[in-house]
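Beneath this line is the structure, given in structure tokens, with notes to follow.
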Amino acid sequence: MTGTEGCDRYMSSKFEPKIHVFFCVNALDRGVFSTQDPEKAARIQSVKMPCSSMIKDIFMLKAFECGADGVMVVGCPAGRCKRVDGNIRAAKRVAWVQKLLDEIGLGGKRLVYTASSDTDAAITLLLKGLAELGPNPVKPAAQASPR
Amino acid sequence: MIVAKQKPIAEIKEMLRPYQKVLILGCGTCVKTCFAGGEDEAATLGAALRLAFGQESKSIETEELTVERQCEDAFIQEAAQAVARNEAVLSLACGAGVQAMARRFAKSVLLPGVNTTFIGVLEKPGLFTEECSGCGDCDLDTFGGICPVTRCSKRLMNGPCGGSKNGKCEVSPDIDCAWQLIIDRLTALGLQGNLKRYIPAKDWRPSLAGGPRRLLREDHVI
Ligand code: SF4
Ligand code: SF4
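Chain order of the listed sequences is A and B. Per this note's numbering, the first sequence runs over residues 4 to 150. Per this note's numbering, the second sequence runs over residues 5 to 226.
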């Protein structure tokens, strides 16, 4: 993102959270992330991965550095990971980074893990957490461009 | 391997507060294996610190680099240029690595990013356990390969304390009783006779009690 986009968001009185989704390509129909709600869809940027276990701590933090207000990781439903336990690994990594986000003051509720069967409910939960926490507090100048 | 644990972000932040440009230097050997200070951890810590400081008025520039081993001069030389372009180095190596860096880069500020914890093994994925205290006079032959100096909570050298229950130490049900393990293993090996050996009071001089230790191999000194 550019610095200007970040500034616009901070000047706007209505908080419209930006959400970054990392999803497993095997977890979703046709390997595409979608949501029923067009308003939510407009706020979402998604990245597909060969398996949810490919998610790394740095990817999630980098999304926040690039201006995301919330991040969601989507894996396969329990017992249906093609790589056996990739979804369990992803969920654990997300839980670890949630603690890190609390530690650095950004708030662990900005990050959720969900199984693909439940993405709309997870976005709603994430938006609820974001409504409590407000916009990503990292000043736009400190936000990195995606590398 | 040396097992270490990353320091809390709040503590690292306070150390770094006086600086604007910081090199986060990972080490690709022990601390990488225990997820405290390898490439991934250096990158994650860099982002975490930028996000943490980004919420305040303070901004910080971080550079991340990982060398193979920070306890060896030949490897840390590779970091020279990166060290020179930053105001301070946050080393994610064990205490030996931090000190090797401080020795080589006399004019640079060296800060520890991890707490060096123990000499241990990877018991199963994600679990590291302490096995050796580096006492300088190894008696593992007597104890069937299980160290009572390190693994018996009371460092008993001549048999169990009597508090062991179901193979667990009385100090905590999470700790195996080292003496139960020693007796089981010596029995399995047919070496019960070892248990009759009296171990006199341990001589701690070869350990840290004698001041900093040195290991000199004349045949490798030119
Ligand atoms: S006896 Fe000493 S050197 Fe041997 S394993 Fe135990 S602490 Fe380490
Ligand atoms: S219970 Fe076993 S390990 Fe614990 S202090 Fe006693 S002898 Fe040592």
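All C-beta atoms in this analysis are idealised placements derived from N, C-alpha and C, irrespective of residue type, glycine included.
Within 8 Å, strictly: CB atoms of residue i and residue j
i	j	result
B:K172	B:E91	no
A:D36	A:I58	Checking the sequence, you will find Phe at residue 36 of chain A rather than Asp. Cβ atoms of A:F36 and A:I58: not closer than 8 Å.
A:V97	A:L114	yes
B:K135	B:T121	The displayed chain sequence assigns Glu, not Lys, to residue 135 of chain B. Cβ distance not < 8 Å, so B:E135 and B:T121 don't count as in contact.
B:G101	B:I16	no
A:T127	A:T38	no
B:P152	B:W183	yes
A:L64	B:T48	yes
A:A44	A:N90	no
A:G70	A:K112	no
B:E67	B:A88	no
B:I123	B:I6	yes
B:D270	A:I61	In the structure as shown, chain B begins at 5 and stops at 226. Residue 270 of chain B is therefore absent and cannot be evaluated.
B:T37	B:L144	no
B:K11	B:N119	yes
B:I64	B:L20	yes
B:G75	B:A104	The sequence as given places Cys at residue 75 of chain B; Gly does not occur at that position. Closer than 8 Å, so yes.
B:P164	B:C139	no
A:Y116	A:A94	yes
B:I187	B:S157	no
A:C84	A:M52	no
Burial state of residue i, where buried means 16 or more other Cβ atoms lie within 10 Å
i	result
B:Y202	exposed
B:E72	exposed
B:A8	buried
A:H23	buried
B:A213	exposed
B:A52	buried
A:S56	buried
B:R217	exposed
A:F67	buried
B:I80	buried
B:S61	exposed
B:V35	buried
A:E19	exposed
A:V100	buried
B:A205	exposed
B:V225	exposed
B:E227	Since the first residue of chain B shown is 5 and the last is 226, residue 227 of chain B is not available in this structure.
B:P22	exposed
B:E18	exposed
B:C142	exposed
B:L131	exposed
B:L185	buried
A:A134	exposed
B:A46	buried
B:N162	exposed
B:L220	exposed
B:A40	buried
A:D72	buried
B:G42	buried
A:V50	exposed
A:A125	buried
B:G197	exposed
B:V175	exposed
B:G215	exposed
B:G166	exposed
A:G137	exposed
Per DSSP, cross-strand counterpart(s) of residue i
i	result
A:L114	A:V74
B:V7	B:F122
B:F147	Looking at the DSSP assignment, B:F147 forms no beta bridge with any residue, so it has no partner.
A:Y25	Contrary to the premise, residue 25 of chain A reads as Phe rather than Tyr in this sequence. In DSSP, A:F25 forms a bridge with A:V50 and A:V76.
B:C139	Looking at the DSSP assignment, B:C139 forms no beta bridge with any residue, so it has no partner.
A:E3	Given that chain A is displayed from residue 4 to residue 150, the structure contains no residue 3 of chain A and the question cannot be resolved.
B:D180	B:K172
B:E15	Its beta-bridge partners do not exist; DSSP assigns none.
B:T133	B:V125
Beta carbon proximity, residue i to chain E, threshold 8 Å
i	result
A:L31	Protein chains in the displayed structure are A and B, and chain E is not among them.
- Please go through the segment 63-131 of chain B and give each complete alpha helix (DSSP H) segment of 4 or more residues, from N-terminal end onward. 77-80, 84-88 and 99-108
- Message: For the pair the segment 23-43 of chain A and the segment 60-80 of chain A, tell me if three or more CB-CB distances fall below 8 Å.
- Response: yes
- Query: Do three or more CB pairs link the segment 101-112 of chain A to the segment 42-58 of chain B at distances below 8 Å?
  - Reply: yes
- Any beta strand (DSSP E) of 3 or more consecutive residues that is wholly inside the segment 18-55 of chain B: 25-31
- Task: Please confirm if the segment 186-195 of chain B is in contact with the segment 145-152 of chain B, defined as three or more CB-CB distances below 8 Å between the two stretches.
- Result: yes
- Between the segment 91-110 of chain B and the segment 30-47 of chain B, do three or more beta carbon pairs fall short of 8 Å? Contact holds: three or more Cβ-Cβ distances are below 8 Å.
- Item | Length at least 3, wholly inside the segment 79-134 of chain A: the beta strand (DSSP E) runs in chain order | Unbroken beta strand (DSSP E) stretches of 3 residues or longer found wholly inside the segment 79-134 of chain A: 114-118, given in chain order.
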